Amino acid sequence: MTIKIKKCTQEDSRILQEISYETFDETFKHENSPENMIAYLKKAFNLRQLEKELSNRSSQFFFVYFKNEVAGYLKVNTNDAQSEKMGDDSFEIERIYVKSKFQKQGLGKYLLNKAMEIATECGKKKIWLGVWEKNENAISFYKKLGFVQTGAHSFYMGDEEQTDYIMIKTLN
Ligand SMILES: CC(C)(COP(=O)(O)OP(=O)(O)OC[C@H]1O[C@@H](n2cnc3c(N)ncnc32)[C@H](O)[C@@H]1OP(=O)(O)O)[C@@H](O)C(=O)NCCC(=O)NCCS
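Numbered according to this note's numbering, the sequence shown spans residues 105 to 276.
Below you can see the structure in the form of structure tokens.
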């Protein structure tokens with residue numbers, strides 16, 4: 105089996121930091137100023153912040169491995185850890201990132217299926233996420249997997265206010 109998944113623990117904070125930096129940078133650096141990128145990376149992915157998130161019982165992180173290399177990761181939230189007050193029957197995918205060299209090989213879908221599996225096991229009714237309106241690649245991926253846009257919210261990249269679409273999929 106070439107694809108494996110592992111739930112992250114506090115011991116994984118440095119590897120989580122590395123993959124968070126790498127994937128965020130390669131996804132967004134072409135459409136954002138270096139100043140805003142640096143400000144965001146420092147704030148969101150400093151070790152203290154990541155350790156705090158790893159210790160939150162309403163959040164879970166997973167690494168996906170492809171041929172024994174960390175190829176991507178997933179962060180999901182329930183209850184008060186959700187970025188918006190979507191209610192206790194909702195489940196958020198806050199981050200889903202696959203390194204560019206591993207994209208389009210089914211790993212994103214694998215992570216998304218993992219999120220849906222946990223949400224269903226927890227009895228959640230909806231799975232939702234926020235995606236930057238300019239991130240056409242991710243929006244197409246979510247649509248392909250059955251998500252629909254229901255609204256929008258603001259997201260701050262450094263000092264720049266950006267719009268994230270809110271996309272939802274109902275769980276059976
Ligand atoms: C979005 C992302 C997670 C998708 O992961 P991926 O591993 O490339 O996607 P997969 O190979 O699992 O694709 C799953 C399905 O979606 C389809 N798909 C993937 N990207 C697509 C696109 N841009 N347009 C249309 N369909 C797409 C695939 O064809 C595949 O369809 P299939 O099941 O019929 O074969 C990945 O591109 C990524 O990490 N991007 C950068 C980070 C990012 O933007 N994250 C989201 C932040 S909100």
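A virtual CB, placed ideally from N, CA and C, is assigned to each residue, including glycine. Nothing here was measured: the structure is a model prediction, and the numbers come from that model.
Proximity of residue i and residue j at Cβ, strictly below 8 angstroms
i: Asn-235; j: Tyr-269; result: What sits at residue 235 in the sequence shown is Val, not Asn. For Val-235 and Tyr-269, yes; Cβs fall inside 8 angstroms.
i: Glu-198; j: Val-174; result: no
i: Ala-185; j: Asn-160; result: yes
Cα-Cα separation, residue i to residue j
i: Glu-188; j: Lys-229; result: 16 angstroms
i: Ala-219; j: Glu-139; result: 33 angstroms
i: Phe-128; j: Ala-143; result: 12 angstroms
i: Tyr-214; j: Ile-109; result: 9 angstroms
i: Met-141; j: Ile-222; result: 32 angstroms
i: Gln-164; j: Lys-205; result: 24 angstroms
i: Tyr-177; j: Ile-123; result: 8 angstroms
i: Phe-166; j: Leu-120; result: 9 angstroms
i: Lys-171; j: Leu-216; result: 19 angstroms
i: Leu-275; j: Glu-225; result: 11 angstroms
i: Ser-194; j: Val-252; result: 15 angstroms
i: Lys-133; j: Lys-146; result: 14 angstroms
i: Ile-200; j: Ala-242; result: 10 angstroms
i: Leu-158; j: Glu-115; result: 10 angstroms
i: Gly-262; j: Glu-240; result: 21 angstroms
Contacts around residue i, its chain only, beta-carbon distance under 6 angstroms, and the 5 residues preceding and following it disregarded
i: Thr-254; result: Ile-270, Ile-272
i: Glu-264; result: Asn-140
i: Tyr-246; result: Met-271
i: Glu-237; result: Thr-267, Tyr-269
i: Glu-130; result: Ser-204
Simplified DSSP assignment, three categories, for residue i
i: Thr-224; result: helix
i: Glu-196; result: strand
i: Asp-268; result: strand
i: Gly-176; result: strand
i: Gln-153; result: helix
Cβ-based neighbour list, residue i, same chain, cut-off 8 angstroms, excluding 5 preceding and 5 following
i: Asp-192; result: Thr-182, Asn-183
i: Tyr-169; result: Ile-107, Lys-108, Ile-109, Lys-110, Ala-175
Close-in-space but distant-in-sequence residues of the same chain around residue i (CB under 7 angstroms, 5 per side omitted)
i: Leu-249; result: Lys-213, Leu-216
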